[in-house]
Each structure stands twice: as C-alpha cells, then as structure tokens.
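Step one of this worksheet: look at the structure below.
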Amino acid sequence: MATIDVDFEVYKALTIRRETEEMTYNDVLRQLLSLGEQKSSENVTENLGALVFKGAEFPEGTQFRATYKGQTYTGAIKGGVWVDENGRVQNSPSEAAYSITGNHVNGWRFWECRRPSDTAWRSIDSLRPTK
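With the numbering used here applied, the sequence shown corresponds to residues 947 to 1077, in that order.
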C-alpha cells in the first residue's frame, strides 16, 4: 500500500469531509474519486507479499498488538495489507492507532509487531531505517 504526502490545507479539507470518525481518509478519497466502496480484505486471497511503511518492511503474516486502557488490540498483514481485528484495512500505523484511541497518536510508538521470522515482539518504531 502506497503512502502519499499532502499539505496541511489538503489534510484539513479531507478531515472536514469525514462523515464519521470511522470514515478513513482513504474512504474520503474513494468517495471524491467516485471509486465506490473498498472491497473487503476477506476477499483478498492472493499473497501480495510484504507491506512497506516508510522503509520498514512487514512481511505477510506479521502480527501487530497494542494495549490501550487495559485492552489488547491486534492486527496482521494479510494479502499484503494491514488488517485489524475487525477485518478493516488500515493504511498506516497511526491510522490503526487512531481507530482505537479516537485521538491522533504516533502509531510507530503505539504498536509492537512480531514478523514471521521474529521470536519476540518489538516496537515497530525500531524497524524504521535511521536517517
């Protein structure tokens, strides 16, 4: 899944168009571009490989977890996309964190992951390349 950069004015305009808190920025763009609703991630059967966010690679089968207010939340890379425990596709770590907290938080510090080759959980922030 690709990441796009937008300026603050575009971000603000997209935010205003969100009809509910559950509506993602991807949903807003799909609506503006007349693309219709996104297909459910459950329909994805082809292994699309790893997902890369800002240089950090998460192979197929990578598991995510975060604890917020005493509850553990999970997700995984399935079919080349991040799918949360409710079956929703998440477009970034921060979007996935926002869907839980309802607040803008640094998703890179919020989530831990365990890739198929890992034996222990680690902060996803530790996987980002150093500048």
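Note that the Cβ used here is the ideal one computed from N, Cα and C, for glycine as well.
Terminal residues of the alpha helix (DSSP H) in which residue i lies
i: Ala-959; result: 954 to 962
i: Val-974; result: 971 to 978
Residue environment, residue i, which counts as buried when at least 16 other CB atoms sit within 10 Å
i: Tyr-957; result: exposed
i: Val-1035; result: buried
i: Ile-962; result: exposed
i: Gly-1021; result: buried
i: Tyr-1014; result: exposed
i: Phe-954; result: exposed
i: Pro-929; result: The structure shown does not extend to residue 929, since the chain is modelled only from 947 to 1077, so the question has no answer here.
i: Ala-1012; result: buried
i: Asp-973; result: buried
i: Gly-1053; result: buried
i: Pro-1075; result: exposed
i: Ala-959; result: exposed
i: Glu-988; result: Model confidence at Glu-988 stands at a pLDDT of 38, short of 50, so the residue's coordinates are unreliable; what they give is reported in the following sentence. That one is exposed.
i: Val-1043; result: Note that residue 1043 is Ala in the sequence shown here, rather than Val. Ala-1043 should be labelled buried.
Of the listed residues the options, nearest to residue i (C-alpha basis)
i: Cys-1059; options: Thr-1076, Glu-1003, Asp-953 and Thr-961; result: Glu-1003
i: Asp-951; options: Arg-964, Gly-982 and Phe-999; result: Phe-999
i: Asn-1037; options: Ile-1046, Val-1027 and Glu-1031; result: Val-1027
i: Ile-1023; options: Ala-996, Ser-1045 and Tyr-1044; result: Ala-996
> Counting Cβ pairs, one atom from each stretch, are 3 or more of them under 8 Å apart for the segment 1006 to 1025 and the segment 967 to 981?
Replying inline: no
>> Quick check on the DSSP output: what are the complete alpha helix (DSSP H) runs of length 4 or more inside the segment 994 to 1069, in order along the chain?
In response: 1039 to 1047 and 1053 to 1056
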